[in-house]
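Chains as they are written, first to last, in the UniProt record's numbering: chain A, 1 to 754; chain B, 1 to 329; chain C, 1 to 502.
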Amino acid sequence: MAETVADPFFKGNTGRNTRGILRLSILVLIAAAAIASRLFSVIRFESIIHEFDPWFNFRATKYLVSNGFYDFWDWFDDRTWHPLGRVTGGTLYPGLMVTSGAIYHALRALTIPVDIRNICVLLAPGFSGLTAFATYLFTNEMSTSPSAGLLAAAFMGIAPGYISRSVAGSYDNEAIAIFLLVFTFYLWIKAVKLGSAMWGALCALFYGYMVSAWGGYVFITNLIPLHVFVLVCMGRFSPRLYVSYCTWYALGTLASMQIPFVGFLPIRSSEHMSALGVFGLLQLVGFVEFVRSGVPSKQFGTLLRGFVLLVFGISFGGLVLLTVSGVIAPWTGRFYSLWDTGYAKIHIPIIASVSEHQPTAWPAYFFDLNLLIWLFPAGVYLCFQKLADEQVFVVVYSILASYFSGVMVRLMLTLTPIVCVAAALAVSSLLDTYLLLKSPEYPGDSATEAGSNGTPAPSKKAAKQDGLRSMRQPLVGIYTTFSKMSVVSALTSYLLIFVLHCTWVTSNAYSSPSVVLASRMPDGSQHIIDDYREAYQWLRQNTAEDAKIMSWWDYGYQIGGMADRPTLVDNNTWNNTHIATVGKAMSSREEVSYPIMRQHEVDYVLVVFGGLLGYSGDDINKFLWMVRIAEGIWPDEVKERDFFTDRGEYRVDEGATETMKNSLMYKMSYYNYCTLFPPGQCQDRVRGVKLPDVGPTLNTVEEAFTSENWIIRIFKVKDLDNAGRDLASAASFERGNKKKKTIKKRGPKVLRVE
Amino acid sequence: MHFLKGLLLSLLPAAALAAKKPVVDKFSQFHTKALASTPLKLDDSVYAKLTAAPRNYSVVVLLTAMEARFGCALCREFQPEWDLLSSSWTKGDKKGDSRLVFGTLDFVDGKNTFQSLGLQTAPVLLFFQPTVGPHAIPDNGPIRYDFTSGPQSAEQVHSWIARYLPDRPHPQVNRPINWVRGIAITTTILATITFLSVAWPYMVPIIQNRNVWAAISLIAILLFTTGHMFNHIRKVPYVTGDGRGGVSYFAGGFSNQNGLETQILAAIYGLLSFATISLALKVPRITDPKTQQVAVIVWSGVIFVMYSFLLSVFRMKNGGYPFWLPPFF
Amino acid sequence: MRPLAIATAVLSFASAAVCVEKGNLTKPLTSKLILPSTFRPAQNFKNANLVHIINLEKSYPKESINVVIENVASTPQDEYFIPFTSQQMATIGGLEVKDRKNPESPLFEVEAFIIYLPLTGTNRCYSDTQFYRIHLPEPLAPKAQQTLGISFYYLSALNPLPATIAQADKQYLVYTLSAYCQSAYDTLKQKTEVKFPSTTVPEYTIVPGTKGSPESPQKQGSKFTYGSYGEVPAGAVEPVKVRYEFTKPLIHVSELERDIEVSHWGGNIAFEERYIMTNRAANLSKQFSRVEWASQTYYNPPSTAVKELRFPLRVGSLEPYFTDVIGNVSTSRFRSNRREANLEIKPRYPVFGGWNYPFRVGWNADLKKYLRKLSGGEGYVLNVPFLEGPKQPEGIEYEHIELRVILPEGAENVQYSTTVPLVSASTSLHRTFMDTTGRTALTLTAINIVDDLRDRELIVTYDYPLLAGFRKPLVIFVTILSLFAAAWGIGSLDVTIKNKRS
């Protein structure tokens, strides 16, 4: 038999080493797979930073690398938010930049000539490998089965829900934050299990790192206290819990307060109050337990319990009072909109306008997690088997994370790890049951059988009190090889489908850097549409070093990163009024916009126009948000209503309202566009409508550059007229007063609500 | 009346003096009416009278269509807010310093007005500035307030009105405290407390029962992971009819879903995970080989079919999805 | 201001030239000799016959002077002077003198002279006439004659007029020359020929005929001839201004950094070139119009915009890349087969007059094609082209070229030779890829080069001991070994805090 041959490798000390090496190599392979599956975009296009926010992080990293840490720390950036500027050093999460900066310097110390861009591009895949490893550790804390951890690591490595934010080039905070999240949780579980201050301190350390890396740290800040609170409510208070939580809270809070952007929030804002409250609660409970251990009397105990409840209630009331009185800042809009889901849509259009803040429909879950999504509840149920502290953590995490992910698409990211863990628990328990080589003998003496099966049958009475209904009977095992084979083979095929699914999703959905667009030529070869960089490079090379560029805020970071020119607004939407100003300039008549642009010293205006190529993500489609945001500040001057026809349609052809036709954005988008087409065939390929042959005329700005496929159009703001005329008359004078013709209407285009 | 007013106006020098008299009366009489019941219920004639120039007072008129047959949900949602606003404003200045009159014109009473204004939509809020007097505004065309962004609260409209009434009192909107609700809440709280204190010993086993908690958490997870929050926020329909009068259970489009759809999905997920659980926990505890064999086959079959069905549903939602399992293609 | 600029340049050259080690086969153009203002070249020669040819077919004027010189002194002479204005001196490039009679004779040795005016206050400034001194290989006997072929270029000497034109307009350039060739000696007979790119020369100076000689210029197609003229005294000037059509870009590379990295282990030689390119052509009078440009591209007319650059690389060049500061530029094509290896790159946008486009290109090649091991010993000979820039019909001018040849770590005794006039050379250390000591890097600097010198070769010889080749593997091996040892040591420590009894 094969066993005898292989025996020495699987038994005793050698066996342990063999398994260790096997496990190590498997983990390494998983990490490799995780990294490799994220390189689609690098292979298809090039090593390039992806869409919007990463460009800012990249720019900040370059600043850090070139100017050193302390300059970075108090970096005042006067090239964004002109003329306000931005205290960048104090308003960002430095963790990401510092990490890649450290890696850069380390490699340089080894005199390896690596470009900082490549580090930034490959940071996310690299950390995804670490995340897989952290998941492995975390899961091993959850179950005794050796396979669970490896499965969880594998799932985590290739789950699209995580890949979506960590492909090569998406150099965003999430790139390292998810690793930190999982690893912090692992350390927390470790600390709770051992009740050791060291692990608690480590947990706090990585919590601090997490705080420096991502705003999502609030999730940890609320999840760990919730875990503790639940445990206390379950009457599971123990010195272990006390030690680990107090260490974590004290050190972690101090660590988090070192980040300028966070500062005193941990004691001043409501997001952090739960942690503080639980901290106080633990003190009370600890005190009570201590006294109770000293004083055995029953009534005294109840008295103490009442006292605890009283103090807790009072302090809670105090917190509420402080919040109302404003000493403690109420919830920030973004966070508050998680609870009151209608809030953002009414009050914070900027938040509502971002696509990743929309709620999640079920296909998104299946798309991102495939079969894990239905293994997930099973895994959570398994956690109820032996409901130790760590399993409680899994349950709490699952419920909380699934709620959040349901409210906001981007929070799918925080759900993914626990889904992978739970699913791995389920699958591993299946495999462990059905992959046992030795089957139980047929009943008759099943009493001894149960014993020999490793798990002694729990006495029925014990099982009745606690434990799950499904576990009342003693464990027997699987008799026939057929059933083993069928289940295992089915499971394997599902897992294979899962792998295929992940690859497919990653390559089709999550691997395009929105800076470079790819299209297929008739002969099937790939054609790269590189208009963004064409225009940005033109700006960078052929305009004045400090020429102010006005564009919608989506492109602020890219202009800062690629064109290296000052912008009015960018994706760090800290100043709603300023954004609304740009929105107003874009959406009002030239006579209104020109003074605004002069006041902000705007030299060039950049608009994105997809009409020629059929590129749907252009400014005309985002236009309504500009209008809404502007209307929020100037309700009398900008009215969303005026951009809809009487029939409530949002149109750009002849049927468009006068306000629409006269708005600067409309004019700039369609300026000179129809000269491309033979008369009467001028068409907008995004909106799919025919446009009037006579395009709009511009008086206060002039076309400076238009990219090859017209995606980016740059206009130069004219200087004041030398002869002192107003620009309109000057321009019409030069034009020699052409007359416009009117053309009959075409079919309307009905407004689609967001 | 109109003729008379025109005459008065035509007497240029005396116009101001002469015109004032009836106008003042007009406002005071409307104001007294308003004190009795506000907003004033208007019809065509009253509307014309109220909004006719010259006026040295401001008018806010809500043109609405309350009747069910018009199916104007927005009107009905906004009406209480509107009443609250006008009543609190009118109470706010009994002397009528702000010289503002609130009026409501329902479509049934004011068809002509609606036609003359060429309104297709309701509700519409019209604001008439005074044409004579201290706060006179030259052009007396009404300012229009559109309900583009859904139902408005009284405060929002209040601030809007206040913008057009500078240096005049703006009585705040004060919502009446809902005593009934408060009492109800307190009683329920007390009741629950007493109930708990009485029923505690019986409750404890239930509270401490793992199965209950497991069930609760599983249900919660299933709800959330099938997009219940999406339904809640977007207020999606429960089912949508397909063109041919039937019912389509699954809404088209990747980021779109029906209420029923999510419940079906929840059922599928639940069944799948229950099958998994039984395979993992129940089956190995079956002592009789035959039954165990059957159970294994049944449960694996359930998983297989359900998963294949799930994939097919997803292919329905997402066109280009390449993977599938038999029997559902 | 120009003279001061020269002064600083001179000083820097002087300082740079110090650090060249001895025994180089070609000496870089060392510091220009400095003479008092009273200096006048002795009238030892006279130009028996002189033909001055000015070629304007490219985007830079290329002049060549064929002169028959005769020694009128009583003693043999070996120093012939050519005068230039300090303006010309700053932009002149590639001045070469050879004997017309036997073409394969080596180039004559030339030196630039700086002439100072007497000290005025603290800062000395230069006289307007500077000289190049030609050192004849063997002294010219009295009454003997010799034919010199002198050729040189001026950079950024052509200027568009009008300075701004519309996108589709024709461009006209203006060039100022002298009908009498500049000379430090009397000239008995001379004529000046101007070659234009086309026959459309709307404006040119007409020199009235003098005693017998007809009025200049005579035209034959696109060639104008001034003269011939009789005896002309030294230093006489007859300014002539010509304005002709040239609807092509004036490509001007203000800075070219060219790195050549030799790797013996990889058997690979890597080239990388970083250009700072700008177009000196007439600027756009109105803003750039994409519509017009798109409609033009169908029948592409001559334009002042740079659309495409072609690099004819050595056959066998591999994996080229074309990037700029924000990443890869997808609009490049590489045709490589047994006969040719053409890299054709398009800038992201058409580079019109006054626009800049800095970019970088690079490629690899098999080292065997470039490197030969000297028989016996550890010596190697590297033979690479000094300049491999794009080859454009309108020509390209390089203001400043810095060429770095990075030899493998431990290479020593580096010598080089090239026919391109250099201004400085130095060797330094370049640390990369886990070097311990660093690689020997030879840095050569040249100014005012044009693409005519494209195929001049650079020959570098150096010694590379065998041991040096094995340094890196050993270092890495030892490092990793020590790492393992350290890890094992730390791992075997026990840092737990517990009382040992339990």
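Backbone N, C-alpha and C fix where the C-beta goes; we use that ideal spot for every residue, glycine too.
Residue-level contact by beta carbon fails for His170 of chain B and chain A, as no gap is shorter than 8 Å.
Pairing Gly263 of chain A with Leu254 of chain A, the inter-Cα distance amounts to about 10 Å. Judged by DSSP in its simplified three-state form, Glu399 of chain C adopts strand. Minimum Cα-Cα distance from Ala580 of chain A among the listed residues A:Ala204, A:Val569 and A:Ser398 corresponds to A:Val569.
Counting C-beta atoms within 10 angstroms of its own C-beta, Asp646 of chain A has fewer than 16 neighbours from the protein chains shown and is therefore classed as exposed. A distance below 8 Å between beta-carbons, with the five flanking residues on each side excluded, links Ala275 of chain A to the following residues of its chain, in chain order: Thr221, Asn222, Ile224, Pro225, Tyr249, Thr253 and Pro266. Taking 7 Å as the upper bound on Cβ-Cβ separation, chain C lies near residues Leu110, Thr111, Ile112 and Pro113 of the stretch 83–117 of chain A. When 8 Å is used as the limit between beta carbons, His501 of chain A is near these residues of chain B: Phe323, in chain order.
In the three-state reduction of the DSSP assignment, Tyr557 of chain A falls in the helix class, which pools H, G and I.
Residues Asp554, Tyr557, Gln558 and Asn571 of the same chain have their beta carbon placed closer than 7 Å to that of Phe52 of chain A, with the five preceding and five following residues left out of the count. In the DSSP annotation of this structure, Thr276 of chain B is not part of any beta strand (DSSP E); the continuous alpha helix (DSSP H) holding it starts and ends at Gly259 to Ile277. Gly227 of chain B belongs to the set of residues whose beta carbon lies under 8 Å from a beta carbon in chain A.
The stretch 169–179 of chain A makes no contact with the stretch 63–71 of chain A: fewer than 3 CB pairs, one atom from each, lie closer than 8 Å. Residues of chain A whose Cβ lies closer than 8 Å to the Cβ of Arg234 of chain B are, in chain order, Pro359. No Cβ-Cβ contact shorter than 8 Å links Gln358 of chain A with Val396 of chain A. Rounded to whole angstroms, the Cβ separation of Pro312 of chain C and Glu340 of chain C is 7 Å, and the two are in contact under 8 Å. Within chain A, Gln358, Ala361, Pro363 and Ala364 have C-beta atoms less than 8 Å from the C-beta of Ser255 of chain B, given in sequence order. The beta carbon of Gln473 of chain A sits closer than 8 Å to some beta carbon of chain B. Assignment of beta-bridge partners to Ile219 of chain B by DSSP yields no partner. The alpha-carbon of Leu474 of chain C is positioned some 26 Å away from that of Asp115 of chain A. Contact between the stretch 98–113 of chain C and the stretch 124–144 of chain C is established, with three or more Cβ pairs separated by less than 8 Å.
Only exposed fits Ala215 of chain B, as fewer than 16 other CB atoms lie within 10 angstroms of its CB. Contact between Val313 of chain B and Phe250 of chain B holds: their C-beta atoms lie close to 7 Å from each other, under 8 Å.
With a cutoff of 8 Å on beta-carbon distance, Ile69 of chain C and Gln145 of chain C are scored as near each other. Taking 8 Å as the threshold, the shortest C-beta distance from Thr276 of chain B to chain A falls below it. The alpha-carbon separation between Met89 of chain C and Ala73 of chain C amounts to approximately 28 Å.
Only residues of its own chain outside the window of five on either side were considered, and among them Tyr60, Pro61, Lys62, Glu63, Ile92, Gly93, Gly94, Glu397, Asn448, Val450 and Asp452 have a CB closer than 8 Å to the CB of Tyr153 of chain C, listed in chain order. Between the alpha carbons of Trp625 of chain A and Gly688 of chain A lies a gap of roughly 21 Å. Contacts with chain B (Cβ-Cβ distance below 8 Å) from the stretch 474–493 of chain A involve Pro474, Leu475, Val476, Gly477, Ile478, Tyr479, Thr480, Phe482, Ser483, Ser486, Val487 and Ala490, listed in chain order. From the beta-carbon of Met562 of chain A, the residues of chain C found nearer than 8 Å are Ile326. The three-state secondary structure of Asp115 of chain A, taken from DSSP, is coil. Between Ile224 of chain A and chain B, the shortest Cβ-Cβ separation is not below 8 Å. Taken in chain order, the whole alpha helix (DSSP H) runs of length 4 or more contained in the stretch 349–436 of chain A are 349–353, 362–369, 372–383, 389–407 and 412–434. In terms of Cα proximity to Leu92 of chain A, the closest of A:Ile259, A:Phe40, A:Cys420 and A:Leu123 is A:Ile259.
Runs of the alpha helix (DSSP H) lying entirely within the stretch 202–243 of chain A and spanning at least 4 residues, in chain order: 217–233. Between Asn709 of chain A and Leu612 of chain A, the C-beta gap is smaller than 8 Å, which places the two residues in contact.
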